[in-house]
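Here numbering that gives the first Met the number 0 is used: position 127 in the sequence shown is 126, and no number is missing along the way.
The C-beta atom is built at its ideal place from N, Cα and C for all residues, glycine as well.
Written below as structure tokens is the structure these notes are about.
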Amino acid sequence: MIVVYRNIMIRVTIRKLRSNRRVRIEIIMFGFSCKKSDKKDGARCGFGLTKKQQAIADREIELILLAKALVQKEGWSNLTMDKLTAASPYSKGTIYNHFSSKEDAIVALCIHSLKSEAVLFARAAEFEGCTREKIIAMHVGYRIYTRMEPILSMCALMAKNPFVLEKASPERVKELNELEEQVIEGADQLVNYAVESGDLKFSPGISSDAIVFANWSIAFGSNALTQNASNSHCINRLQDPFSVLHNANMLLDGLNWKPLSSEWDYKKTWRRVEQELFSQEIEYLNSVGR
């Protein structure tokens, strides 16, 4: 499994130990691990961390992934510091050295989630096509993420809950907000580029921030409902794998973002994005029946 921590791609192997029902996570930094020859205390790894700092960072990744596993199994409301301690090989004091509270752990999980989304968005931005195809590629990336992580994709609601923000550490909340700003900035740049290219025009009272929010709303709502309320008659009767694309097209057509869906085959674009940018993710999702 691949995760992202502090903008570094990490390979993580998870192995369950039957003897104590705990999960051991072995972490290998791609090309960044400390050399075995580094024997001096305080010797730095290749990317600027000392061995001690690296060990702390690795442990935090381990705890975040354990928290993720607990949420996936029991839901957000059942994530507690006691359960996180029981699932880990560390003492409660060590856990509290990383997370000041359950809410702090939730925000850490949401940061992990947003970083994973950001990786997919960055890949979507590389798609070769017109500006509207690029925004469709971002919708594809988000769709794939919600299919891969249906629980974590709800972080947008959890992280902004005032009770969570009140009890999370200020440093963690600041990191989340800064990361969110970076993701939004990328979307703003695409919208402004569409305007510069002549594919889109701002209407009175509708600027980049409104268009980015509208796309996020459509993407979040459409995916949250299709992933978590599939037994609803309103959703079940659709029987259409492109329902999220249809919703995006209705929004983009309403904004008069060219080419319109009547002028371009965006189903073909959607398939191209999946094949050219996310083939491995699609292969995985097909293998697990999602």
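Beta-carbon proximity list for residue i, same chain, < 6 Å, skipping 5 on both sides
i	result
A186	V211
V70	L78 and I150
E132	T268
R289	R146
R271	none
S221	V243 and N246
I281	E273
A123	A136, M137 and G140
Boundaries (first-last residue) of the alpha helix (DSSP H) holding residue i
i	result
L254	That residue, L254, is in no alpha helix (DSSP H); it is neither H nor E in DSSP.
R140	The question names Arg, but residue 140 in the sequence shown is Gly. T130 to M147 is the extent of the alpha helix (DSSP H) around G140.
K67	K50 to E73
P161	P161 to K166
A107	K101 to A123
G288	First-last for G288: undefined, no H or E at that position.
E273	Y265 to L276
A158	From DSSP, A158 is part of no alpha helix (DSSP H); its letter is neither H nor E.
T79	No alpha helix (DSSP H) holds T79; DSSP gives it neither H nor E.
7 Å Cβ shell around residue i - same chain, five flanking residues per side excluded
i	result
M157	W75, I105, C109 and V163
Y265	I135, L244 and N248
I234	L224, T225 and A228
Exposed unless 16 or more other CB atoms sit within 10 angstroms - verdict on residue i
i	result
R236	exposed
Y144	buried
S278	exposed
S87	buried
V139	buried
S152	buried
E102	buried
E170	exposed
N176	exposed
N96	exposed
L259	exposed
V190	buried
F173	Note that residue 173 is Lys in the sequence shown here, rather than Phe. Exposed, since its Cβ has fewer than 16 Cβ neighbours within 10 Å.
N214	buried
Q181	exposed
Three-state secondary structure assigned by DSSP to residue i
i	result
K173	helix
Y95	helix
E127	coil
I281	helix
S152	helix
V22	Residue placement at V22 is flagged as unreliable, the pLDDT there being 35, under the threshold of 50; the coordinate-derived value follows with that caveat. Residue state, collapsed to three classes: strand.
A86	helix
Own chain partners of residue i with C-beta closer than 8 Å, once the 5 adjacent residues on each side are dropped
i	result
S231	L224
N255	L199 and K200
L178	I110, L113, K114 and A117
T130	L189, Y192, A193, S196, D198, L199 and W256
*Pick out the complete alpha helix (DSSP H) segments inside the segment 179-243, 4 residues or longer, and give them in chain order.*
Here the runs fully enclosed are 207-227 and 232-235.
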